[in-house]
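The next block holds one structure in the form of C-alpha cells; read it before the comments.
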Amino acid sequence: MADPLQLDGESSNSLLWRSAGHAAEWLTSGLNLPVELRLTQNRVSRLSVRFKSNRICVRMREEFLHATPAFWRTLKKFLADRTRLAWSALCREMNAFPLPAPPTLPRKPFLPLQPKGDFHDLTPILKEINDSWSWTTPSPCITWGPHRRKVRATQTIHFAAYHAEFHLIRIHPILDDPRIPNGFLSFLVFHERLHAELGREQIGCRFFHHSPRFRMRESEFPNAAHWRDFSRSLIPLLLAPRVETRSSLPPHIPPP
Ligand SMILES: [Zn+2]
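Here the sequence shown stands for residues 11 to 266, numbered as in the working numbering.
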C-alpha cells in the first residue's frame, strides 16, 4: 500500500487514515504479525499494546487517529523493536499530543446525604480528619452508600469511594456495624480524602490513582499498615452470607 505518511508530509494535521483498519493495515506492513487496532475512550490508559502469539493488539484513544506522522512512525518502530527505548520515544510522542478530557458518564447524585448511620456517624470522623491534617482543597461531603438487599458472593466490596463529579465520599453501608472500629472508618475516610486532595497523577504514559506519592501520604495515617491488613481480612467475612457474616465477625477487634 502507498505510505500515507510519506504522502501527507511531516507537518500535516489532516486525518491520515480512512479508518482504524486502514491504520492497522499500515502498521502491519513489514511486521511478522498482523496488528489489531481498537479505538477507545478509555479514561485511564491512553494506549496499550499486547503482543500475542498470532497478533499484536493495540488499544488507543480514538483521538490518536489524528496524531502526527511522527507519532505513527514511533508506534510502528515500537511494534517492530519491542524495546524500552522505543516505548519511551512513543511516550514522548503521546505526551506531545494533548488529549481532551474523556466524556464523563452521567451518574445519579447520591441524594439525600446520610452521614449518620445506625452505629457510626461519619460527620465527626470527616471533621476530625479535616482538622487534624492540612489540606489545600475544600472538604468533600460524606455519606453512607445506599443499602442493597444482597451483596453477591462473587463481587469484591469497595469499602469506600470518592466521586469527583460530586466531590463526595461514600462509605459502604455494610460497615455501619458496631464491631467495625472507628479507627478503620477514619482510615477509609482519610484514604478517600486523599483522593479528593491529590486527584490522579500522571507517570509516563499512565495515570495512577494510587501513585507512590499517594501511598506515601496514606502511610502518614497512624497504624496505616494495620488498617490495610484489617481491610483485607474483612473481605472474606463480608462476602460470606449476611447472617453468617455478622456472626463471624469477632465481637471485639483488638486495637492496633
Ligand atoms: Zn483509593
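The beta carbon of each residue, even a glycine, is placed where N, CA and C say it ideally should be.
Taking only three categories from DSSP, how would you classify residue 229?
DSSP, reduced to helix, strand and coil, places residue 229 outside both helices and strands of the structure shown, so it counts as coil.
What is the C-beta distance between residue 70 and residue 56, in whole angstroms, given that I count them as a contact (C-beta under 8 angstroms)?
Between residue 56 and residue 70 the Cβ distance is about 7 angstroms, and since that is below 8 angstroms, they are a contact.
Which residues in the same chain have their Cβ closer than 6 angstroms to the Cβ of residue 38, if we skip the five residues on either side of it in sequence?
44, 45, listed in sequence order.
Status (buried if at least 16 other CB within 10 Å, exposed otherwise) for residue 103:
The residue is buried, with at least 16 neighbouring Cβ atoms inside 10 Å.
On the three-state DSSP scale, how would you describe residue 7?
With the chain running from 11 to 266 in the structure shown, residue 7 is simply not present.
In the DSSP assignment, find the beta strand (DSSP E) that holds residue 184 and state where it starts and stops.
First-last for residue 184: undefined, no H or E at that position.
Going by DSSP in three states, residue 199 sits in which element: helix, strand or coil?
Note: residue 199 maps to helix in three-state DSSP.
From what residue to what residue does the beta strand (DSSP E) around residue 49 run?
Where residue 49 is concerned, the enclosing beta strand (DSSP E) stretches over 45 to 50.
Mind reading off the beta-carbon distance from residue 130 to residue 192? Whole number of angstroms is fine, and I expect it under 8 angstroms.
That belief holds up - the Cβ atoms of residue 130 and residue 192 are roughly 7 angstroms apart, short of 8 angstroms.
Could you check where the alpha helix (DSSP H) with residue 101 kicks off and where it finishes?
Run containing residue 101: 94 to 105, per the alpha helix (DSSP H) assignment.
Tell me whether the beta-carbon of residue 218 lies closer than 9 angstroms to the beta-carbon of residue 224.
Yes, they are a contact pair.
What span of residues does the beta strand (DSSP E) with residue 153 cover, start to end?
151 to 154 is the extent of the beta strand (DSSP E) around residue 153.
Proximity to residue 246 [Cα-Cα], best of 168, 221, 220:
Residue 246 has its Cα closest to that of 168, out of 168, 221, 220.
Spatially closest choice to residue 229 from 212, 200, 240, by CA coordinates
Comparing alpha-carbon positions, the option among 212, 200, 240 lying closest to residue 229 turns out to be 200.
Pull up the distance between the alpha-carbon of residue 171 and that of residue 153, whole angstroms please.
Taking the Cα positions, residue 171 is about 10 angstroms away from residue 153.
Quick one, are the C-beta atoms of residue 147 and residue 207 less than 9 angstroms apart?
Yes, Cβ-Cβ distance for residue 147 and residue 207 is below 9 angstroms.
In this structure, does DSSP put residue 126 in helix, strand or coil?
Reduced to three states, the DSSP call for residue 126 is strand.
Just jot down, in chain order, the residues whose CB lies closer than 6 angstroms to any heavy atom of ligand 1.
Chain-ordered list of matching residues: 201, 205, 219, 220.
To which residues of the same chain is residue 97 closer than 7 angstroms at the C-beta, ignoring the five residues directly before and after it?
Correct list, in chain order: 88.
Between 90, 214, 133, which has its C-alpha nearest residue 181's C-alpha?
From the listed residues 90, 214, 133, the smallest Cα separation to residue 181 is found for 133.
Straight-line CA distance for residue 59 to residue 26?
Rounded to the nearest angstrom, the two C-alpha atoms are 21 angstroms apart.
Could you tell me the distance, in whole angstroms, from the CA atom of residue 84 to the CA atom of residue 238?
So the alpha carbons of these two residues sit roughly 41 angstroms apart.
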